[in-house]
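Engineer: The structure is given below, and queries will be raised subsequently.
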Amino acid sequence: TRSQAVVAKYIHLPLVIMGKRKRLFVEESRYTKVKSFVQDWCSKRGLKQLTFNSDYLHVVFTCLLFIEIVLNVIIIRTVPYTEIDWKAYMQEVEGFINGTWDYTELQGDTGPLVYPAGFVYIFSGLYYLTDHGRDIYFAQCIFAIIYIFNLSLVFNLYRKAKNIPPYAAVFLCFPAYRIHSIYVLRLFNDPVAMCLLYLALNLFIYQKWTLGSIFFSLSVSVKMNILLYAPALLLVYVRSLGIIQTITQLSICAVIQLMLASPFLWQNPLGYIGRAFDLGRVFLYQWTVNWRCLPEEIFLDPRFHALLLVGHLLALLLFGYVYRNMYAFGKCTQCLSQPRPVLLLLFTCNMLGVAFSRSLHYQFYVWYYHTLPFLLWSTSYAPSTKLCLLGIIEICWNTYPSTELSSLALHLCHLSILWGLLRIKTKME
25 TRSQAVVAKY
35 IHLPLVIMGK
45 RKRLFVEESR
55 YTKVKSFVQD
65 WCSKRGLKQL
75 TFNSDYLHVV
85 FTCLLFIEIV
95 LNVIIIRTVP
105 YTEIDWKAYM
115 QEVEGFINGT
125 WDYTELQGDT
135 GPLVYPAGFV
145 YIFSGLYYLT
155 DHGRDIYFAQ
165 CIFAIIYIFN
175 LSLVFNLYRK
185 AKNIPPYAAV
195 FLCFPAYRIH
205 SIYVLRLFND
215 PVAMCLLYLA
225 LNLFIYQKWT
235 LGSIFFSLSV
245 SVKMNILLYA
255 PALLLVYVRS
265 LGIIQTITQL
275 SICAVIQLML
285 ASPFLWQNPL
295 GYIGRAFDLG
305 RVFLYQWTVN
315 WRCLPEEIFL
325 DPRFHALLLV
335 GHLLALLLFG
345 YVYRNMYAFG
355 KCTQCLSQPR
365 PVLLLLFTCN
375 MLGVAFSRSL
385 HYQFYVWYYH
395 TLPFLLWSTS
405 YAPSTKLCLL
415 GIIEICWNTY
425 PSTELSSLAL
435 HLCHLSILWG
445 LLRIKTKME
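Residue numbering for the sequence shown is 25 to 453, as defined by the numbering used here.
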């Protein structure tokens, strides 16, 4: 009726007004919060916290990730792709897809297949996703996703360790021209292996040992350089889990390798082992970044390779002796329950392998690039020295072709980092 309509109108009107006022209040409240947030972080004190306080690393990392997403889109759209190994990768896995399981018969334009079985499966997937490797743009997009995921894993390791100031986080990402090139302009397999490794390290620091072992073994199955972490990981296993559980974790790693390699081992076991884990592989002098300071005949001499191997083993023993207090049995539970000492041990072990490498090619920069700020800020060097070392290393890796000077400078930087790590004063001592 008319009277009911009038009553309903006058009842409804205040409710509408109250609803509008409530929404207005909520909007004003949100605006006030945003304004307060901006004022806090844009103040002198807020900027200082964002620059130097490691408790705010997560804020900086979030901003850097968004910047990196935009930067990778720009790089893919504006910088030409350079063909180096992608076509060869596709040719190698195409043989497997066509039914060839003998590793000695799998090869591409750049030579025979020299990577373990995990590489074959992953890049076979990429073969199908990219129209037999022809859709380079889509492949670049996939590698950009791998890069962002890899970066988020690295950021989480640093967030947990809290051993660098936020301003140093910048050097983990977009200033590195060579790193972006390796990921989205060259499409090497090294980024895939490193992404799996950093996933494994994240699982280890969360005490997810079995999953960590699975992904560590998967990373080894893509590229063998991951084994540079093996001595330190063995120590972490023993100190954290004991002998029995260590054997269990090593068995998991071995089973993963056997499962992945089983078709190739069944067809030609010696051929697979000889190709996938060829420790005597000879590198080309023209691509070396670290040994350009030596004549080619010395670079190729097996005695020089043996000398580097002995030096690597002695360096591992030296660092093991120096770090013995930090990782002593009586202190292992307290020490290895924290991310920082675990990562210090693993990253230092990898750094030793890089320093004594028979050859470093340009794509090998990803082997240790993301660990450099961690290692440098673990030393007692002044911030200016740390930044200087980072800058020189970046220049050396961006010098193409490498020169005697760039090669020597790279070795001096590596030695400086290792010297600083030898003199670490840990809280566990």
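All C-beta atoms, glycine included, are put in the ideal place defined by N, C-alpha and C.
Do you know offhand how far isoleucine 108's Cα is from threonine 134's?
Structural biologist: Isoleucine 108 and threonine 134: Cα-Cα distance of roughly 9 Å.
Engineer: Is the Cβ-Cβ distance between glycine 335 and phenylalanine 380 less than 9 Å?
Structural biologist: A contact, by the Cβ cut-off of 9 Å.
Engineer: Within this structure, are the beta carbons of serine 148 and valine 117 separated by less than 9 Å?
Structural biologist: A contact, by the Cβ cut-off of 9 Å.
Engineer: Determine, using beta carbons only, whether glutamine 281 and valine 244 come nearer to each other than 9 Å.
Structural biologist: Yes, Cβ-Cβ distance for glutamine 281 and valine 244 is below 9 Å.
Engineer: Starting from glutamine 131, follow its DSSP beta bridges and name the residues at the other end.
Structural biologist: For glutamine 131, which the question treats as bridged, DSSP gives the partners Pro136.
Engineer: Compute the beta-carbon to beta-carbon distance between valine 97 and isoleucine 170, rounded to the nearest angstrom, for a pair I have assumed lies under 8 Å.
Structural biologist: Contact doesn't hold; Cβ gap of about 15 Å is too wide.
Engineer: What three-state label does DSSP hand histidine 385 in the structure shown?
Structural biologist: Coil.
Engineer: For the region 258-320, which segments carrying the alpha helix (DSSP H) assignment without a break, of at least 4 residues, lie completely within its bounds, in sequence order?
Structural biologist: Counting whole runs of 4 or more residues, the region 258-320 contains the alpha helix (DSSP H) stretches 293-300.
Engineer: Since arginine 327 is in the alpha helix (DSSP H), which residue starts that stretch and which ends it?
Structural biologist: Here the alpha helix (DSSP H) through arginine 327 covers 326-346.
Engineer: Which same chain residues, not among the five before or five after valine 346, have their C-beta less than 7 Å away from its C-beta?
Structural biologist: Leu446, listed in sequence order.
Engineer: Smallest Cα separation from leucine 177: which of Gly119, Leu221, Leu324, Phe323?
Structural biologist: The shortest Cα separation from leucine 177 among Gly119, Leu221, Leu324, Phe323 belongs to Leu221.
Engineer: Taking all protein chains shown into account, decide if lysine 410 is buried (16 or more other Cβ within 10 angstroms of its Cβ) or exposed.
Structural biologist: By the neighbour-count rule (16 or more Cβ atoms within 10 Å), lysine 410 is buried.
Engineer: Hey, is the region 383-395 in contact with the region 309-320, meaning 3+ C-beta pairs nearer than 8 Å?
Structural biologist: Short answer: they touch.
Engineer: Indicate, with yes or no, if the ligand ADP has a heavy atom lying under 8 Å from the CB of tyrosine 127.
Structural biologist: Questions concerning the ligand ADP fall outside what the structure shown contains, since it holds no ligand whatsoever.
Engineer: Quick check on histidine 156: does DSSP put it in helix, strand or coil?
Structural biologist: If DSSP states are grouped into helix, strand and coil, histidine 156 belongs with coil.
Engineer: Tell me where the alpha helix (DSSP H) around alanine 200 begins and ends.
Structural biologist: Taken as a continuous stretch (DSSP letters only), alanine 200 belongs to no alpha helix (DSSP H), as it is neither H nor E.
Engineer: Expressed to the nearest angstrom, what Euclidean distance is found between the alpha-carbon atoms of tyrosine 261 and threonine 270?
Structural biologist: Taking the straight line from one Cα to the other gives about 5 Å.
Engineer: Evaluate phenylalanine 212 with the Cβ neighbour count: other Cβ atoms within 10 Å of its Cβ, from every protein chain shown; 16 or more gives buried, anything less gives exposed.
Structural biologist: With 16 or more other Cβ atoms within 10 Å, it is buried.
Engineer: Could you name the residues of the same chain whose beta carbon sits closer than 6 Å to that of glycine 454, not counting the 5 residues immediately before and after it, in chain order?
Structural biologist: This structure leaves residue 454 out entirely; the chain is present only between 25 and 453.
Engineer: Count the other CB atoms, across all protein chains shown, that sit within 10 Å of the CB of glycine 377; report buried if there are 16 or more and exposed otherwise.
Structural biologist: Classification for glycine 377: buried.
Engineer: State whether the region 185-204 contacts the region 360-370, with contact taken as three or more CB pairs (one from each stretch) at a distance under 8 Å.
Structural biologist: Segments in contact, yes.
Engineer: Straight-line CA distance for glycine 415 to leucine 137?
Structural biologist: Each residue's alpha carbon lies about 35 Å from the other.
Engineer: Which of helix, strand or coil does DSSP assign to phenylalanine 380?
Structural biologist: Note: phenylalanine 380 maps to coil in three-state DSSP.
Engineer: Kindly indicate which residue of Asp155, Ile172, Val144 has the alpha-carbon position closest to the one of isoleucine 91.
Structural biologist: The residue with the shortest Cα to Cα distance from isoleucine 91 is Ile172.
Engineer: Can a CB atom of chain B be found closer than 9 Å to the CB of serine 431?
Structural biologist: Absent from the structure: chain B. Only one protein chain is present.
Engineer: Buried or exposed, going by whether 16 or more other CB atoms sit within 10 Å of the CB of aspartate 214?
Structural biologist: By the neighbour-count rule (16 or more Cβ atoms within 10 Å), aspartate 214 is buried.
Engineer: Take tyrosine 80 as the anchor and find which of Pro104, Phe179, Phe167 has the nearest alpha-carbon.
Structural biologist: For tyrosine 80, the nearest C-alpha among the options comes from Phe179.
Engineer: Whose CA, out of Gly295, Tyr389, Ser404, His329, lies closest to the CA of tryptophan 125?
Structural biologist: Checked all of Gly295, Tyr389, Ser404, His329; the closest Cα to tryptophan 125 is Gly295.
Engineer: From which residue to which residue does the alpha helix (DSSP H) around methionine 218 run?
Structural biologist: Element bounds for methionine 218: 214-229.
Engineer: Give a yes or no on whether the C-beta atoms belonging to tyrosine 207 and alanine 163 are separated by under 9 Å.
Structural biologist: In this structure, alanine 163 does not lie closer than 9 Å to tyrosine 207 by Cβ.
Engineer: If you run the structure through DSSP and keep just helix, strand and coil, what is valine 208?
Structural biologist: Note: valine 208 maps to helix in three-state DSSP.
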